[in-house]
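J.:
2 protein chains.
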Amino acid sequence: MVDNYARRQWDHELGAQTLTPIRPMTQRLNTWRELAGKEIAMHVGDVTDHDFLASVISETRPEAVVHFAEQRSAPYSMIDRKHAVSTQVNNVVGTLNLLFALQEFAPDCHLVKLGTMGEYGTPNIDIEEGYITIEHNGRKDHLPFPKQPGSFYHLSKVHDSHNIAFACRIWGLRATDLHQGVVYGTLTDETALDEALINRFDYDEVFGTVLNRFCVQAAVQHPLTVYGKGGQTRGYIDIRDTVRCIELACLNPAGRGECRVFNQFTEQFTVLQLAHMVQSVAKNMGLSVAIDHLPDPRVELEEHYYNAKHSRLADLGLKPHLLSDSLLDSLLNISVQYRDRIDQSLFMPQVNWRRHRNERKQSSPVAATV
Amino acid sequence: MVDNYARRQWDHELGAQTLTPIRPMTQRLNTWRELAGKEIAMHVGDVTDHDFLASVISETRPEAVVHFAEQRSAPYSMIDRKHAVSTQVNNVVGTLNLLFALQEFAPDCHLVKLGTMGEYGTPNIDIEEGYITIEHNGRKDHLPFPKQPGSFYHLSKVHDSHNIAFACRIWGLRATDLHQGVVYGTLTDETALDEALINRFDYDEVFGTVLNRFCVQAAVQHPLTVYGKGGQTRGYIDIRDTVRCIELACLNPAGRGECRVFNQFTEQFTVLQLAHMVQSVAKNMGLSVAIDHLPDPRVELEEHYYNAKHSRLADLGLKPHLLSDSLLDSLLNISVQYRDRIDQSLFMPQVNWRRHRNERKQSSPVAATV
Chain C
1 MVDNYARRQW
11 DHELGAQTLT
21 PIRPMTQRLN
31 TWRELAGKEI
41 AMHVGDVTDH
51 DFLASVISET
61 RPEAVVHFAE
71 QRSAPYSMID
81 RKHAVSTQVN
91 NVVGTLNLLF
101 ALQEFAPDCH
111 LVKLGTMGEY
121 GTPNIDIEEG
131 YITIEHNGRK
141 DHLPFPKQPG
151 SFYHLSKVHD
161 SHNIAFACRI
171 WGLRATDLHQ
181 GVVYGTLTDE
191 TALDEALINR
201 FDYDEVFGTV
211 LNRFCVQAAV
221 QHPLTVYGKG
231 GQTRGYIDIR
241 DTVRCIELAC
251 LNPAGRGECR
261 VFNQFTEQFT
271 VLQLAHMVQS
281 VAKNMGLSVA
291 IDHLPDPRVE
301 LEEHYYNAKH
311 SRLADLGLKP
321 HLLSDSLLDS
331 LLNISVQYRD
341 RIDQSLFMPQ
351 VNWRRHRNER
361 KQSSPVAATV
Chain G
371 MVDNYARRQW
381 DHELGAQTLT
391 PIRPMTQRLN
401 TWRELAGKEI
411 AMHVGDVTDH
421 DFLASVISET
431 RPEAVVHFAE
441 QRSAPYSMID
451 RKHAVSTQVN
461 NVVGTLNLLF
471 ALQEFAPDCH
481 LVKLGTMGEY
491 GTPNIDIEEG
501 YITIEHNGRK
511 DHLPFPKQPG
521 SFYHLSKVHD
531 SHNIAFACRI
541 WGLRATDLHQ
551 GVVYGTLTDE
561 TALDEALINR
571 FDYDEVFGTV
581 LNRFCVQAAV
591 QHPLTVYGKG
601 GQTRGYIDIR
611 DTVRCIELAC
621 LNPAGRGECR
631 VFNQFTEQFT
641 VLQLAHMVQS
651 VAKNMGLSVA
661 IDHLPDPRVE
671 LEEHYYNAKH
681 SRLADLGLKP
691 HLLSDSLLDS
701 LLNISVQYRD
711 RIDQSLFMPQ
721 VNWRRHRNER
731 KQSSPVAATV
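Going down the list, the protein sequences come from chains C and G. Position 262 (the first sequence) corresponds to 262 in the working numbering; numbering is contiguous. With the second sequence counted from 1, adding 370 to any position gets you the working numbering.
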């Protein structure tokens, strides 16, 4: 494992923290070693530091690299110019460094890269998995699916995708680009073994994903914050399926020179559908929550066609955990369990896509009274 | 005008120089003022320095910005990791800085950006101008044309194109992305007024474009260096038409929120066709030159379909200077005129796409004996 703890640093910057009390990495690794009897080697450093990354790759000569080492928040990238530039430089340079390190020290290694469904945007045609066969003026070709990303962060992923496809083509590297949907949930079988292994559960307006945020809002009976009409449709995936997809990709590597794209989600929902589902489950738990429609801080279609294919991971054996009342129950229960840590000042959007500079009001890192 | 003189610095790094003796910028500007009676304001600085660029934009509040401030050589970007990273960071960050500066200080300004036909690669369907209408499973959308760039440099242009389209969409900026073909020639009516105004004429393997290189090779009766079979087809344009296209774009600005793409070339040729044309014209001038097929240092198709549309600039009034024997005559004459400056050690490719690191043998900056 390689980490530079940037994610924890961004919490400090934003005055935010995960709902779940995440432990120091050394403690998590120790607990995992005690419970599972397995050692995870830790390399502390930054993938934008090529000397560091190359030394890790040359020492470990990995069979597969799972590359999640990127700034992953769209609103973070839209705060201002510095955040846009730092997101794109961090993500693009880290990935370039990894491609060069693989080519030099582990050219047979399988790169499993975290992309995003957000690379596609919301076209008015079906979204295929990475590539589309286009017939045009009597001729035909199988080409990269056109990308219409919706933030400087999503753009950085599109840049990565193009760079990775090129490296596979010229050097014969092998890669799987996982175009992941919105992840919800926090527990996997492994992390459930001990609270010291708990995952992050982000609900703030910058790093939180929408279903997590709705559950936390419901736990404190705060109105669910739907952006605009709420007709924005996206693909969603349970965190347990995310982990399984990575495993399936690693067990079934791409061929040399191949750059595969898997659309990694299991169900499509509109934001408003999710809000209604959370509202309904919360009601059964005695929590009465309203739904608020806020002006959409993003520039996006609030109603649109959306039909994205996602059969390739199922073909490899993915058995999805679909979003059901019982799962929503457990998400809400986690939110209630840690409600003392909820900071309601983190709920409302403070980053507006239409502005080139957003002054985020620093909230207190201390939990607000609920 | 904004310049950081990076292009001259790269000559020092590569041990190369332009065929034509380019003068210091201050001298060129002085000569232009004397001859044309017009002052070009000079701002020396780097567009990756946002404070500098923002101060220029806020002081000048331009109606249009013609953005050529990028590393423009594919082989340069393929030398090694450092050159790949520096090319992408330089080009992406410079363009992001410009987009933010325009949004803050000149949101109505028309951005005229130099892209490249190389963004498209060589698909097996007709290449449209930036966008393509795709019918798929009974639905239809007008989407960005799929991009398959062929070097880390070309990739940087694709990254720029996506970033610019996004900025137009969210902020209502106006942009024209000129997807330019391979430029040949050096003289325009303006630069022909005085030798002190002369343009660069690059013929080296890193920054030289193919037709320029063939003319210089013919002038010293060096075999023309065709990479592979020479069936690589590209769009080409006379430097006088390049300048006219920029003028036409500026005179006919994009609308607010619009990101237009113009394919900026006038004719398609294969590399081998160009070699034969140069060989034939050289023969008439008493120069006997052979054609050598070298192993292609690039990863590209050596024979392929290629049909790229280029009607939008013609619709605006472009009257192309087509490549004729008389133009080739004049290109060859320039090459003969400056033959004492030709360094033959710069002819042979030293950057191989298949290697992650290329050790370029520094040639002497002093002209070789011919």
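Yeah, the Cβ is synthetic: ideal placement off N, Cα and C, and Gly gets one too.
Put residue 736/G into one of helix, strand or coil per three-state DSSP.
T.: In the second sequence, counting from the first residue as 1, residue 736/G sits at position 366. Model confidence at residue 736/G stands at a pLDDT of 44, short of 50, so the residue's coordinates are unreliable; what they give is reported in the following sentence. Coil at residue 736/G, not helix or strand.
J.: Along the beta strand (DSSP E) that carries residue 236/C, what are the first and last residues, could you check?
T.: Taking the first sequence and counting its residues from 1, one reaches residue 236/C at position 236. Taken as a continuous stretch (DSSP letters only), the beta strand (DSSP E) holding residue 236/C covers 233-238.
J.: Measuring alpha carbon to alpha carbon, tell me which of 658/G, 634/G, 600/G and 618/G ends up nearest residue 640/G.
T.: As a first step, residue 640/G is located in the second sequence; it is residue number 270 there, counting from the start. Comparing Cα-Cα distances from residue 640/G to each of 658/G, 634/G, 600/G and 618/G, the minimum goes to 600/G.
J.: Anything in chain C within Cβ reach of residue 545/G, meaning under 8 Å, just list it in chain order.
T.: Against the second sequence, residue 545/G aligns to sequence position 175. Simply none; closest approach about 15 Å.
J.: With 7 Å as the threshold, decide whether the Cβ of residue 741/G is near any Cβ in chain C.
T.: With chain G covering 371 to 740 only, the question about residue 741/G has no answer from this structure.
J.: Leaving out five residues on either side along the sequence, give the residues of the same chain with a beta carbon under 7 Å from the beta carbon of residue 116/C.
T.: Here residue 116/C is taken as the residue at index 116 of the first sequence, counted from 1. Only 154, 157, 179 and 180 meet the Cβ criterion.
J.: If we define contact as Cβ-Cβ less than 7 Å, is residue 723/G a contact residue for chain C?
T.: Working through the second sequence from its first residue, we reach residue 723/G at position 353. Yes, contact with chain C.
J.: Is the beta carbon of residue 83/C closer than 7 Å to that of residue 473/G?
T.: Here residue 473/G refers to the residue found at position 103 when the second sequence is read from its first residue. Here residue 83/C refers to the residue found at position 83 when the first sequence is read from its first residue. No, the pair does not count as a contact, with Cβ atoms beyond the cut-off.
J.: Measure the alpha-carbon distance for residue 647/G versus residue 465/G and round it to whole angstroms.
T.: Sequence index remark: in the second sequence, residue 647/G carries index 277 (1-based). Sequence index remark: in the second sequence, residue 465/G carries index 95 (1-based). The alpha-carbon atoms of residue 647/G and residue 465/G are separated by roughly 38 Å.
J.: Assign residue 507/G to one of three DSSP states: helix, strand, or coil.
T.: Taking the first residue of the second sequence as 1, we reach residue 507/G at position 137. Coil at residue 507/G, not helix or strand.
J.: Leaving aside the five residues before and after residue 254/C along the sequence, list all residues of the same chain whose C-beta is less than 7 Å from its C-beta, in chain order.
T.: Sequence index remark: in the first sequence, residue 254/C carries index 254 (1-based). So the qualifying residues of the chain are 110, 174, 175, 176 and 260.
J.: Would the segment 417-429 of chain G count as touching the segment 36-54 of chain C if we require 3 or more Cβ pairs under 8 Å?
T.: Contact between the segment 417-429 of chain G and the segment 36-54 of chain C is absent, because fewer than three Cβ pairs lie under 8 Å.
J.: In three-state DSSP terms, what is residue 13/C?
T.: Within the first sequence, numbered from 1, the residue matching residue 13/C stands at position 13. Of the three classes helix, strand and coil, the one that applies to residue 13/C here is helix, per DSSP.
J.: What does the alpha-carbon distance come out to for the pair residue 618/G and residue 611/G?
T.: One-based indexing of the second sequence puts residue 618/G at position 248. One-based indexing of the second sequence puts residue 611/G at position 241. Cα-Cα distance, rounded: 10 Å.
J.: At least one CB of chain C closer than 7 Å to the CB of residue 533/G: is that the case?
T.: The residue given as residue 533/G occupies position 163 in the second sequence. By this cut-off, residue 533/G is an interface position.
J.: Output, in sequence order along the chain, the residues in the segment 427-441 of chain G whose CB is closer than 8 Å to any CB in chain C.
T.: Within the segment 427-441 of chain G, no residue qualifies.
J.: Starting from residue 27/C, trace the alpha helix (DSSP H) both ways and give me its first and last residue.
T.: Position 27 of the first sequence, counting from 1, holds the residue named residue 27/C. Start and end: 25-36.
J.: Please work out which residues of its chain come closer than 6 Å, Cβ to Cβ, to residue 77/C, disregarding the five sequence neighbours upstream and downstream, and give them in chain order.
T.: On the first sequence, position 77 is the one that residue 77/C refers to. Excluding residues within five positions, the ones whose Cβ falls inside 6 Å are 83, 84, 87, 151, 152 and 153.
J.: Starting from residue 629/G, follow the beta strand (DSSP E) in both directions and report where the run begins and ends.
T.: Position 259 of the second sequence, counted from the first residue, corresponds to residue 629/G. Run containing residue 629/G: 629-634, per the beta strand (DSSP E) assignment.
J.: Let me make sure I understand the geometry here. Which of 319/C, 302/C, 339/C and 358/C has the alpha-carbon closest to that of residue 122/C?
T.: Reading the first sequence from its first residue, position 122 is the one you call residue 122/C. Checked all of 319/C, 302/C, 339/C and 358/C; the closest Cα to residue 122/C is 302/C.
J.: Report the neighbours of residue 132/C on chain G: residues whose CB is nearer than 9 Å to its CB, in chain order.
T.: Here residue 132/C is taken as the residue at index 132 of the first sequence, counted from 1. Within 9 Å Cβ-Cβ: 504, 506 and 516.
J.: Please name the residue, chosen from 386/G, 398/G and 729/G, that lies closest to residue 562/G on a Cα-to-Cα basis.
T.: As a first step, residue 562/G must be located in the second sequence, where it is residue number 192. The candidate whose alpha carbon is nearest that of residue 562/G is 398/G.
J.: Beta carbons nearer than 8 Å to chain G: which residues of the segment 90-115 of chain C have them?
T.: Listed by position along the chain: 92, 93, 96, 97, 100, 103 and 104.
J.: Within 7 Å of any Cβ in chain C, is that where the Cβ of residue 458/G sits?
T.: Within the second sequence, residue 458/G is the residue found at index 88, counting from 1. Yes, because at least one Cβ of chain C sits closer than 7 Å to the Cβ of residue 458/G.
J.: Is any beta-carbon of chain C found at less than 7 Å from that of residue 669/G?
T.: For this step, residue 669/G is matched to residue 299 along the second sequence. Yes, contact with chain C.
J.: Find the residues of chain G that neighbour residue 126/C, judging by a C-beta separation of less than 8 Å, and give them in chain order.
T.: Position 126 of the first sequence, counting from 1, holds the residue named residue 126/C. Correct list: 506, 507 and 509.
J.: Express the C-alpha separation of residue 697/G and residue 93/C in angstroms, rounding to a whole number.
T.: Position 93 of the first sequence holds residue 93/C. Position 327 of the second sequence holds residue 697/G. Distance between the alpha carbons of residue 93/C and residue 697/G is about 43 Å.
J.: Whole angstroms is fine: what's the gap from residue 227/C's alpha carbon to residue 68/C's?
T.: Numbered from its first residue, the first sequence carries residue 227/C at position 227. Numbered from its first residue, the first sequence carries residue 68/C at position 68. Near 27 Å, if we compare the C-alpha coordinates of residue 68/C and residue 227/C.
J.: Considering only the alpha carbon of each residue, which of 21/C, 344/C, 5/C and 14/C lies closest to residue 371/C?
T.: The structure shown does not extend to residue 371/C, since chain C is modelled only from 1 to 370, so the question has no answer here.
J.: Which same chain residues, not among the five before or five after residue 208/C, have their C-beta less than 6 Å away from its C-beta?
T.: To locate residue 208/C, count along the first sequence from 1; it is residue 208. Same-chain partners within the cutoff: 202.
J.: Name the residue from 589/G, 449/G and 393/G whose alpha carbon lies nearest to the alpha carbon of residue 658/G.
T.: Here residue 658/G refers to the residue found at position 288 of the second sequence. Selected option, being the one with the closest Cα: 589/G.
J.: Where do the N-terminal and C-terminal ends of the alpha helix (DSSP H) with residue 464/G fall, by residue?
T.: Here residue 464/G corresponds to residue number 94 of the second sequence, with the count starting at 1. Residue 464/G -> alpha helix (DSSP H) spans 451-475.
J.: Let me confirm a value: residue 595/G is counted as buried when at least 16 other C-beta atoms fall within 10 Å, else exposed. Which label applies?
T.: Counted from its first residue, the second sequence places residue 595/G at position 225. Residue 595/G is buried by the Cβ-count criterion.
J.: Within the same chain, show all residues whose beta-carbon is closer than 8 Å to that of residue 38/C, passing over the 5 residues directly before and after it, in chain order.
T.: Here residue 38/C refers to the residue found at position 38 when the first sequence is read from its first residue. Closer than 8 Å at Cβ, skipping near neighbours: 32.
J.: In angstroms, rounded to a whole number, what distance separates the CA positions of residue 43/C and residue 1/C?
T.: Your numbering for residue 43/C matches position 43 in the first sequence. Your numbering for residue 1/C matches position 1 in the first sequence. Taking the straight line from one Cα to the other gives about 6 Å.
J.: DSSP state of residue 148/C, grouped into three classes?
T.: Mapped onto the first sequence, residue 148/C falls at position 148. Of the three classes helix, strand and coil, the one that applies to residue 148/C here is coil, per DSSP.
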